[in-house]
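Chemist:
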Amino acid sequence: MEKLLFVAEFDFLQRVGEHLVRDIDGYFRYCHIVKIWHRQNAPDGEFRACLLVTIDD
């Protein structure tokens, strides 16, 4: 089952095939971007970018 790993704000939108690297207590976790889509927030109509990633550990 898929679960939300983290929520973040970026200055730019990453692309499929790129990686995100998170520093978690001195350990780097690499996430490979597999899919990008935009979800509309119902109350205010704002769109939010969502990323599907795999963890490359």
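Going by the numbering used here, the first residue of the sequence shown is number 17, and it counts up by one from there. We put the beta carbon where it would ideally sit given N, CA and C, even for glycine. All values reported here derive from a predicted model rather than from experimental measurement.
#1: Tell me which same chain residues have a C-beta within less than 6 Å of the C-beta of Leu67, skipping the five on either side of it?
#2: How about Arg31 and Asp73: are their beta carbons less than 9 Å apart?
#3: Check for me: the beta strand (DSSP E) holding Lys51 runs from which residue to which?
#4: Check for me: the beta strand (DSSP E) holding Arg38 runs from which residue to which?
Modeler: Checking against the coordinates, here is how it stands:
#1: So the qualifying residues of the chain are Ile49, Ile52.
#2: no
#3: 43-56
#4: From DSSP, the beta strand (DSSP E) with Arg38 extends over 35-40.
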